[in-house]
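Participant: Going by UniProt numbering, 336 is the number at position 336 of the sequence shown; the sequence numbering is gapless.
For glycine and all other residues, C-beta sits at the position ideal for the given N, C-alpha and C.
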Amino acid sequence: MAPMGIRLSPLGVAVFCLLGLGVLYHLYSGFLAGRFSLFGLSSEPGGGAAGPAAAADGGTVDLREMLAVSVLAAVRGGDEVRRVRESNVLHEKSKGKTREGADDKMTSGDVLSNRKMFYLLKTAFPSVQINTEEHVDAADQEVILWDHKIPEDILKEVTTPKEVPAESVTVWIDPLDATQEYTEDLRKYVTTMVCVAVNGKPVLGVIHKPFSEYTAWAMVDGGSNVKARSSYNEKTPRIVVSRSHSGMVRQVALQTFGNQTTIIPAGGAGYKVLALLDVPDKSQEKADLYIHVTYIKKWDICAGNAILKALGGHMTTLSGEEISYTGSDGIEGGLLASIRMNHQALVRKLPDLEKTGHK
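(1) Is the CB-CB distance between residue 206 and residue 68 below 7 Å?
(2) Measuring alpha carbon to alpha carbon, tell me which of 60, 64 and 77 ends up nearest residue 210.
(3) What whole-angstrom Cβ distance do residue 150 and residue 120 have, given they're in contact under 8 Å?
(4) Are there three or more Cβ pairs, one per stretch, closer than 8 Å when the stretch 248-260 is compared with the stretch 280-287?
(5) Taking 6 Å as the cut-off, is the C-beta of residue 125 nearer than that to any heavy atom in the ligand ZN?
(6) Indicate the three-state DSSP secondary structure (helix, strand or coil) for residue 274 in the structure shown.
(7) Mapping the DSSP letters down to three states, classify residue 114 as helix, strand or coil.
(8) Among the residues of its own chain, which have a CB less than 8 Å from the CB of residue 72, if the five just before and after it don't count?
(9) Quick one: using the 10 Å Cβ neighbour count with 16 as the cut-off for buried, is residue 141 buried or exposed?
(10) Who are the Cβ neighbours of residue 109 in its own chain at under 7 Å, not counting the five residues just before and after it?
(11) Excluding the 5 residues preceding and the 5 following residue 128 in the sequence, name in chain order all residues of the same chain whose CB lies nearer than 7 Å to its CB.
(12) Compare the Cα-Cα distances from residue 70 to each of 200, 138 and 217 and report the closest residue.
(13) Just to confirm before moving on: does the CB-CB distance between residue 202 and residue 306 stay below 7 Å?
(14) Of the choices 116, 155, 124 and 125, whose alpha-carbon is the least far from that of residue 136?
(15) Give a yes or no on whether the C-beta atoms belonging to residue 339 and residue 308 are separated by under 7 Å.
(16) Over what stretch of residues does the alpha helix (DSSP H) that includes residue 131 continue unbroken?
(17) Can you round the beta-carbon distance between residue 290 and residue 272 to whole angstroms, since I take them to be within the 8 Å contact cut?
(18) Expressed to the nearest angstrom, what Euclidean distance is found between the alpha-carbon atoms of residue 248 and residue 233?
(19) Cα-Cα, which of 245, 250 and 300 is closest to residue 269?
(20) List the DSSP bridge partners of residue 218.
(21) How is the alpha helix (DSSP H) around residue 241 delimited, first residue to last?
(22) Do residue 198 and residue 158 have their C-beta atoms within less than 7 Å of each other?
(23) Between residue 154 and residue 179, what straight-line distance do the alpha-carbon atoms span, to the nearest angstrom?
(24) Per DSSP, what kind of secondary structure is residue 75 in: helix, strand or coil?
(25) Drop a sphere of 10 angstroms on the beta-carbon of residue 330, count the other beta-carbons inside from all chains shown, and report buried for 16 or more, exposed for fewer.
(26) What would DSSP say about residue 55, mapped onto helix, strand or coil?
(27) Compare the C-alpha of residue 237 against each of 315, 288, 316 and 326 and name the closest.
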């Protein structure tokens, strides 16, 4: 008999047992889910093994680890870009028209590079926002694990971890910069790029050249494997511009700097930024300024902006405004990039270029 005269009915005992079993099931299933996520078996799109600093609730991420994964992602994407180009089966198609009326092309190189780069970064850092040029199809999801090894050249420059809130981070991926030139087999212009912005400010950038296998990286207030050249010509500069509108820049540049100014038409924003730096690549042209006068996407320029900023250079709109890497995926005000020059003096010299870019 139950104490104090309380009688337990069979129904009450059954309900009590079922509740107990429910609690045990909930606790055990939560434990299994944690174990599965540890081994990259999550069923969430882009889910997988989180980096040690990526907590389930967002938490923090280590920028040094993000740099290591970004370099690996750019190289892995570049491998796909090179493999597709060398197979000569590009499956080229148009996504539509650019604002200038040119075909906005896409190839298998873009798609396969994007898949490798996106899922490597997303698996390592599931809590951060990733923006990429190409569409990510959930049906093509891959779990690409990072081995958590940081290369020696990064450890040498960035000696301690740099933690930031995961919610403050935005990653920008360009899986194949200079697609037009890629289809024309102008390989030297092609790059893959990753940029990490914190609170909208570019803090680390990676530019990889798949066909020469050269990779430039830098972290603001961290370190870099690339440097500025020893001198630049500010009076009669060599100006690198887009192949598609070199004539538009030439007219204003000659008026501003004189007839000795050289205009270098080139493809790809990544290539143009590298033209300002000391790059050990024989195919890389050298320039003193990079000017762009039309609308441009942020995944095209974020990595270059971060590298220039880390080296003491500048990339702004043509009116001298800093570029924020949050919100919309493009900027309207053109851009001016320089290093070891009086950037604001250059901005004041080019008042007509911004108007030209909005025509």
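Facilitator: A quick look at the data gives this:
(1) The answer is no: Cβ separation not under 7 Å.
(2) For the residues 60, 64 and 77, the minimum Cα distance to residue 210 belongs to 77.
(3) Wrong, their Cβ atoms sit about 15 Å apart, outside the cutoff.
(4) Judged by Cβ distances under 8 Å, the stretch 248-260 makes no contact with the stretch 280-287, as fewer than three pairs qualify.
(5) Looking for the ligand ZN in the displayed structure turns up nothing, as the structure carries no ligands at all.
(6) Helix at residue 274.
(7) Secondary structure at residue 114: helix, using DSSP grouped into helix, strand and coil.
(8) Only 120 and 146 meet the Cβ criterion.
(9) Flag for residue 141 reads buried.
(10) The beta carbon of residue 109 sits closer than 7 Å to the beta carbons of 80, 81, 84, 85, 90, 176 and 182 from its chain, once the five residues preceding and following it are set aside; these are given in chain order.
(11) If we look at residue 128 and ignore the five residues flanking it on each side, its Cβ neighbours are 61, 166, 169 and 171.
(12) Among 200, 138 and 217, the Cα nearest to that of residue 70 belongs to 217.
(13) Closer than 7 Å, so yes.
(14) Closest by alpha carbon: 116.
(15) Cβ atoms of residue 339 and residue 308: closer than 7 Å.
(16) Note, residue 131: premise wrong, no alpha helix (DSSP H); beta strand (DSSP E) at 129-132.
(17) Sure, about 5 Å apart at Cβ, within 8 Å.
(18) Rounded to whole angstroms, the gap between the alpha carbons of residue 248 and residue 233 is 22 Å.
(19) The shortest C-alpha to C-alpha distance from residue 269 to any of 245, 250 and 300 is the one to 300.
(20) DSSP lists 205 and 224 as partners of residue 218.
(21) Segment 238-242 is the beta strand (DSSP E) holding residue 241; no alpha helix (DSSP H) there.
(22) Not in contact: residue 198 and residue 158 (Cβ atoms no closer than 7 Å).
(23) Roughly 29 Å between the two C-alpha positions.
(24) In the three-state reduction of the DSSP assignment, residue 75 falls in the helix class, which pools H, G and I.
(25) Result: exposed.
(26) For residue 55, the predicted structure reports a pLDDT of 39, less than 50, and the residue's modelled location is therefore unreliable. A value from the coordinates is still provided. Under the three-state reduction of DSSP output, residue 55 falls in the strand class.
(27) Measuring from the Cα of residue 237, the nearest candidate turns out to be 288.
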